[in-house]
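Peer 1:
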Amino acid sequence: MSVARVVVESRLPQLDRRFDFLADDVAPGVRVRVPFGGRMLPGYVVEVVEDSDFAGELHRVERVLSAVPVLQPEVWALVRAVADRAAGSAADVLRIAIPGRQARPETAWLKAERVTPAPPEAGESILPGLVERRERIALRSAPGVERVGETWVGRWAVELAGLARDALARGEQAILVVPDHREQRQLVAALEAVVGDRVVELDARQSNPDRYRAFLRAIDGGPIAIVGPRSAVYAPAANLGLLAVWEDGDPLHDEPLAPYATTRDVALVRQQQSGCALVLAGHARSTETQRLLELGFLDAVTRGRPPRTLPAALVDGPSARIPGMAFQVAKEAIAHGPVLVQVARPGHAPALACARCGERARCRRCSGPLRRARAEASPSCAWCGAVHAAWSCTSCGGRGIVELGRGSMRTADELGRAFPNVPVVVADGQHERLEVDDRPRLVVATRGAEPIAAGGYHAVLLLDGERLLARESLRVAEDAVRAWSGARALARDDATIVLTGAVGRVAAAMTAREPAAFAAAELADRRALRFPPAVRVASVVGGPDEVERVVRAVGEIGATDALGPVDVGEGAVRSIVRFDYGAGVDVAQALRAEIVRAATQSRSRVAKGAPVRVHVDDHEPFEGI
DNA sequence: AGCACGCCGACT
DNA sequence: GTCGGCGTGCTC
25 MSVARVVVES RLPQLDRRFD FLADDVAPGV RVRVPFGGRM LPGYVVEVVE
75 DSDFAGELHR VERVLSAVPV LQPEVWALVR AVADRAAGSA ADVLRIAIPG
125 RQARPETAWL KAERVTPAPP EAGESILPGL VERRERIALR SAPGVERVGE
175 TWVGRWAVEL AGLARDALAR GEQAILVVPD HREQRQLVAA LEAVVGDRVV
225 ELDARQSNPD RYRAFLRAID GGPIAIVGPR SAVYAPAANL GLLAVWEDGD
275 PLHDEPLAPY ATTRDVALVR QQQSGCALVL AGHARSTETQ RLLELGFLDA
325 VTRGRPPRTL PAALVDGPSA RIPGMAFQVA KEAIAHGPVL VQVARPGHAP
375 ALACARCGER ARCRRCSGPL RRARAEASPS CAWCGAVHAA WSCTSCGGRG
425 IVELGRGSMR TADELGRAFP NVPVVVADGQ HERLEVDDRP RLVVATRGAE
475 PIAAGGYHAV LLLDGERLLA RESLRVAEDA VRAWSGARAL ARDDATIVLT
525 GAVGRVAAAM TAREPAAFAA AELADRRALR FPPAVRVASV VGGPDEVERV
575 VRAVGEIGAT DALGPVDVGE GAVRSIVRFD YGAGVDVAQA LRAEIVRAAT
625 QSRSRVAKGA PVRVHVDDHE PFEGI
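This is the structure:
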């Protein structure tokens with residue numbers, strides 16, 4: 025009988041450590057059920073040893089829930105490190121890292137014999153030696169689109185697929201993490217062209233059995249490329265040659281579940297642990313990546329050149345939606361093929377106001393802002409969806425409404441009138457459209473929803489720059505540059521891009537020959553303000569006394585300072601702790617200790633207020649509203 | 001979380 | 001005398 029070291033699946037912070045159990049015939053990584061404090065808890069065997077250092081009497085593992093070693097040692101090390109860094113529980117990270125067991129695919133997998141695919145043939149690499157030398161780079165990918173078999177994909181996907189092939193040819197795995205399924209689709213197409221069926225998609229959109237099947241294939245190992253959204257960064261890959269993250273600044277890489285670790289941070293931990301090559305790729309560069317470059321942790325690699333980009337005057341006249349120059353560019357391009365028009369908001373009118381007093385039109389039920397989804401539609405609430413057929417102003421009682429701004433639908437209507445005989449299609453959250461052919465048409469899309477055009481767009485109009493930049497957030501400029509760069513990358517090499525409503529540094533980032541200056545300037549600003557990513561932050565939310573206590577405990581470390589507390593309603597306050605990267609380990613440890621203390625010592629009836637919640641690297645307080 | 005253990009107030 | 005409130009600590 026040997027000793028199984030088990031991490032139990034419990035959200036209780038005080039149980040986030042290993043417990044020893046007796047077992048015969050359990051392998052590390054299997055899921056088990058153990059008797060724990062008078063009941064049964066599921067958990068994972070993280071290690072099997074001969075003897076326990078526990079002084080008390082060991083219980084026996086009740087049963088093995090799945091014989092598949094779903095938690096590989098290197099993934100366990102990663103999960104532990106990510107949880108520690110974020111002052112969170114390993115169990116929370118495990119829930120993200122390991123898909124739920126599915127009996128049917130598991131039985132089939134256990135019965136089938138293991139076949140490891142042969143490595144693909146090595147091809148000509150765009151960055152020879154990168155994988156072999158385990159280099160770490162910030163890659164500015166080549167703009168433009170390419171045809172892969174029947175589909176058109178971004179050139180970036182072809183480049184990343186080539187790097188993955190370099191790893192697979194060495195018999196190693198590659199993990200490629202993308203913001204969402206739109207990029208995943210392109211990357212998979214590009215990968216299949218160079219590595220055939222050695223591609224595993226780990227996608228939350230798959231059915232549970234499909235997802236588990238894919239996960240089991242990853243466990244099989246061998247030269248495979250694993251592609252998926254943020255959770256794929258935890259994929260089992262014992263022989264990892266390359267870890268690539270596409271557009272690490274995209275908010276879709278931020279995990280919404282505790283402990284909220286973002287793909288880039290997990291990738292950095294994993295790279296340190298496995299020593300694989302690391303590629304943070306994008307058309308734009310995040311300030312976090314810029315910081316890593318300036319530290320010398322990453323090397324910069326730039327591929328290709330973006331098409332000619334012209335800044336347009338804000339407006340030609342008071343009513344002109346599209347500046348004359350942009351109009352001219354579109355008119356010339358549309359004769360030859362599709363033209364992309366990127367707008368800020370979906371629907372017809374993104375905002376409405378009272379015609380009499382000018383007050384913003386608000387929902388009578390929830391006071392959310394009203395908007396108009398279609399030209400003749402009744403106003404509807406952006407928050408609760410309530411339709412207000414007979415609206416009257418809450419402040420003056422007026423019944424007339426004026427429309428503020430133009431969404432994708434209204435822009436499409438107006439362009440349709442300006443360009444008679446040219447088809448107009450809309451692509452936004454409501455109207456998903458992944459691709460269009462190479463015939464002349466106007467494609468009006470919100471950012472991130474742009475279809476790929478066969479052969480690339482002949483022109484791209486980036487409208488609503490002022491709208492995109494009006495948001496009050498630390499990251500507006502960065503987000504806007506990423507959105508524009510992404511849309512621009514869908515154009516042909518010889519296309520013209522017109523950017524409206526952007527001035528100064530942001531406009532220069534798009535039009536200058538050296539776009540790297542933008543990320544450097546953004547980072548310099550954050551340094552001056554002591555804002556992330558120049559420093560790290562953690563938010564602490566809870567009752568005033570508890571928050572104060574946590575902030576004081578962290579303050580004792582030094583190299584930290586605190587902002588707040590500010591009232592966040594329902595008797596809770598929020599403080600922001602700022603700390604240098606060098607203090608990260610100590611701060612996380614102190615926060616964790618306080619979380620454990622709060623969970624165990626403040627259970628008395630009187631002291632039971634709102635529980636303390638800690639969010640390490642919480643950027644939300646800096647987003648404004 | 002649940003459950004046991006342990007220490008002070010009103011009860012058959 | 002003890003039944004049971006709840007604060008405290010532990011869970012291999």
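Numbering follows the numbering used here, in which position 31 of the first sequence is assigned residue number 55; successive positions increment by one, without gaps. Quick reminder that beta carbons are idealized off the backbone N, C-alpha and C, glycines included.
Would you call the segment 517-532 in contact with the segment 488-496, where contact means no fewer than 3 C-beta pairs closer than 8 Å?
Peer 2: yes
Peer 1: State buried or exposed for glutamine 625, treating a residue as buried only when at least 16 other CB atoms are found within 10 Å of its CB.
Peer 2: Here residue 625 refers to the residue found at position 601 of the first sequence. Under a 10 Å Cβ-count criterion, glutamine 625 is classified as exposed, with fewer than 16 other Cβ atoms of the shown protein chains found around its own Cβ.
Peer 1: Hey, histidine 482 and proline 393: beta-carbon distance below 8 Å or not?
Peer 2: Walking along the first sequence from the start, residue 482 turns up at place 458. Walking along the first sequence from the start, residue 393 turns up at place 369. No.
Peer 1: Please report the residue range of the alpha helix (DSSP H) in which valine 99 lies.
Peer 2: Taking the first sequence and counting its residues from 1, one reaches residue 99 at position 75. Element bounds for valine 99: 97-109.
Peer 1: Going by DSSP in three states, glutamine 366 sits in which element: helix, strand or coil?
Peer 2: Here residue 366 is taken as the residue at index 342 of the first sequence, counted from 1. Three-state DSSP puts glutamine 366 in a strand.
Peer 1: Quick one: what's aspartate 585 bridged to in DSSP?
Peer 2: Residue numbering aside, residue 585 sits at position 561 when the first sequence is read from its first letter. DSSP links aspartate 585 through a beta bridge to Arg602.
Peer 1: Counting only runs that start and end within the segment 525-568, where is the beta strand (DSSP E) found for 3 or more residues in a row?
Peer 2: 560-566
Peer 1: So, with DSSP's three-state summary, where would you put arginine 386?
Peer 2: For this step, residue 386 is matched to residue 362 along the first sequence. Strand, per DSSP.
Peer 1: Tyrosine 284 by DSSP, collapsed to three states: which one?
Peer 2: Numbered from its first residue, the first sequence carries residue 284 at position 260. In the structure shown, tyrosine 284 sits in coil (DSSP, three-state: anything other than H, G, I, E or B).
Peer 1: Give the straight-line distance between the Cα atoms of leucine 485 and alanine 541, rounded to the nearest whole angstrom.
Peer 2: For the purposes of this step, residue 485 is taken as the residue at position 461 of the first sequence. For the purposes of this step, residue 541 is taken as the residue at position 517 of the first sequence. The straight-line gap from Cα to Cα measures roughly 23 Å.
Peer 1: Judging by CA-CA distance, which residue of Phe646, Ala214, Val30, Pro556 is the nearest neighbour of alanine 47?
Peer 2: Here the question's residue 47 lines up with position 23 in the first sequence. Nearest C-alpha to alanine 47: Val30.
Peer 1: Taking the alpha carbon of glutamate 196 as the reference point, which residue from Arg550, Pro403, Asp40, Ala301 has its own alpha carbon closest?
Peer 2: One-based indexing of the first sequence puts residue 196 at position 172. For the residues Arg550, Pro403, Asp40, Ala301, the minimum Cα distance to glutamate 196 belongs to Ala301.
Peer 1: Enumerate in chain order the residues of its own chain whose CB-to-CB distance from glutamate 207 is below 7 Å, with the five nearest sequence positions on each side excluded.
Peer 2: The count along the first sequence starts at 1 and reaches residue 207 at position 183. Excluding sequence neighbours, glutamate 207 sits near Trp270.
Peer 1: How is serine 507 classed by DSSP in three states: helix, strand or coil?
Peer 2: The residue given as residue 507 occupies position 483 in the first sequence. Note that residue 507 is alanine in the sequence shown here, rather than serine. Helix at alanine 507.
Peer 1: For my contact list, isoleucine 476 and leucine 458 are in at a C-beta cut-off of 8 Å; report their separation, rounded to the angstrom.
Peer 2: Counting from 1 along the first sequence, the entry for residue 476 is found at position 452. Counting from 1 along the first sequence, the entry for residue 458 is found at position 434. Yes, isoleucine 476 and leucine 458 are in contact; Cβ-Cβ is about 7 Å, under 8 Å.
Peer 1: Between the segment 370-384 and the segment 420-440, are three or more C-beta pairs nearer than 8 Å?
Peer 2: yes
Peer 1: Among Val293, Arg471, Arg42, Pro444, whose alpha-carbon lies nearest the alpha-carbon of histidine 455?
Peer 2: As a first step, residue 455 is located in the first sequence; it is residue number 431 there, counting from the start. Nearest option by C-alpha distance: Arg471.
Peer 1: So, are the CB atoms of proline 16 and arginine 222 less than 8 Å apart?
Peer 2: Nothing in the structure corresponds to residue 16, since the chain is present only between 25 and 649.
Peer 1: Could you spell out where the alpha helix (DSSP H) holding phenylalanine 351 opens and where it closes?
Peer 2: Taking the first residue of the first sequence as 1, we reach residue 351 at position 327. 348-358 is the span of the alpha helix (DSSP H), which, as asked, contains phenylalanine 351.
Peer 1: Grab me the residues of glutamate 98's own chain with a C-beta within less than 7 Å of its C-beta, minus the 5 sequence neighbours each way, in chain order.
Peer 2: Counted from its first residue, the first sequence places residue 98 at position 74. Excluding positions up to five away in sequence, the list reads Ala262, Gln297, Ser298.
Peer 1: Is the segment 222-237 touching the segment 274-283, taking contact as three or more C-beta pairs under 8 Å?
Peer 2: Contact between the segment 222-237 and the segment 274-283 is absent, because fewer than three Cβ pairs lie under 8 Å.
Peer 1: By how many angstroms is the C-alpha of proline 331 removed from the C-alpha of arginine 516?
Peer 2: Translated into the one-based positions of the first sequence, residue 516 becomes position 492. Translated into the one-based positions of the first sequence, residue 331 becomes position 307. Cα to Cα, the separation comes out at about 8 Å.
Peer 1: Indicate the three-state DSSP secondary structure (helix, strand or coil) for glutamate 148 in the structure shown.
Peer 2: Counting from one through the first sequence, the residue named residue 148 turns up at place 124. Looking at glutamate 148 - three-state DSSP - the assignment turns out to be coil, as it is neither helix nor strand.
Peer 1: To the nearest angstrom, report how far apart valine 681 and cysteine 417 are at their CA atoms.
Peer 2: The question about residue 681 has no answer here: the residues shown for the chain are numbered 25 through 649.
Peer 1: Pull the bridge partners of glutamine 613 from the DSSP assignment, please.
Peer 2: The sequence position of residue 613 within the first sequence is 589, counting from 1. Bridge partners of glutamine 613: none, in fact.
Peer 1: Which residues in the same chain as alanine 132 place their Cβ atom closer than 7 Å to its Cβ, once the five residues preceding and following it in sequence are excluded?
Peer 2: Translated into positions along the first sequence, residue 132 becomes position 108. Closer than 7 Å at the Cβ level, and outside the excluded window around alanine 132, lies no residue.
Peer 1: Applying the 10 Å Cβ sphere with the 16-neighbour rule, what's the burial state of proline 403?
Peer 2: Position 379 of the first sequence, counting from 1, holds the residue named residue 403. Flag for proline 403 reads buried.
Peer 1: Between valine 94 and glycine 53, which are expected to be in contact by the criterion C-beta below 8 Å, what is the C-beta distance as a whole number of angstroms?
Peer 2: Residue 94 sits at position 70 when you count from the first residue of the first sequence. Residue 53 sits at position 29 when you count from the first residue of the first sequence. Rounded to the nearest angstrom, the Cβ distance from valine 94 to glycine 53 is 6 Å, consistent with a contact under 8 Å.
Peer 1: Alpha carbon to alpha carbon, what distance is there between methionine 349 and valine 201?
Peer 2: Residue numbering aside, residue 201 sits at position 177 when the first sequence is read from its first letter. Residue numbering aside, residue 349 sits at position 325 when the first sequence is read from its first letter. For valine 201 and methionine 349, the distance between alpha carbons rounds to 38 Å.
Peer 1: Within the same chain, show all residues whose beta-carbon is closer than 6 Å to that of glutamate 159, passing over the 5 residues directly before and after it, in chain order.
Peer 2: Taking the first sequence and counting its residues from 1, one reaches residue 159 at position 135. Here the set comprises Ala301.
Peer 1: Sorry if obvious, but does the Cβ on glutamine 197 come closer than 7 Å to a heavy atom of the ligand GTP?
Peer 2: Judged by which ligands are present, the structure shown has none, so any question about the ligand GTP falls away.
Peer 1: Do proline 589 and valine 601 count as a contact pair if the criterion is CB distance below 8 Å?
Peer 2: Here the question's residue 601 lines up with position 577 in the first sequence. Here the question's residue 589 lines up with position 565 in the first sequence. No. Outside cutoff.
Peer 1: I'd like the ranges of any alpha helix (DSSP H) spanning at least 4 consecutive residues and lying wholly in the segment 244-328.
Peer 2: Segments of the alpha helix (DSSP H) lying fully in the segment 244-328: 287-298, 311-318.
Peer 1: Per DSSP, which one or two residues make a beta bridge with tryptophan 176?
Peer 2: Position 152 of the first sequence, counted from the start, is the residue given in the question as residue 176. Tryptophan 176 pairs with Arg171.
Peer 1: By Cβ distance below 8 Å, which residues in the same chain neighbour serine 419 in space, the five residues on each side in sequence not counted?
Peer 2: Sequence index remark: in the first sequence, residue 419 carries index 395 (1-based). Here serine 419 has Cys378, Cys381, Glu383 as same chain residues with Cβ atoms under 8 Å from its own Cβ, once five neighbours each way along the sequence are excluded.
Peer 1: How long is the line joining the alpha carbons of glycine 61 and glutamate 644, rounded to whole angstroms?
Peer 2: Taking the first sequence and counting its residues from 1, one reaches residue 61 at position 37. Taking the first sequence and counting its residues from 1, one reaches residue 644 at position 620. Going by the C-alpha atoms only, they are around 38 Å apart.
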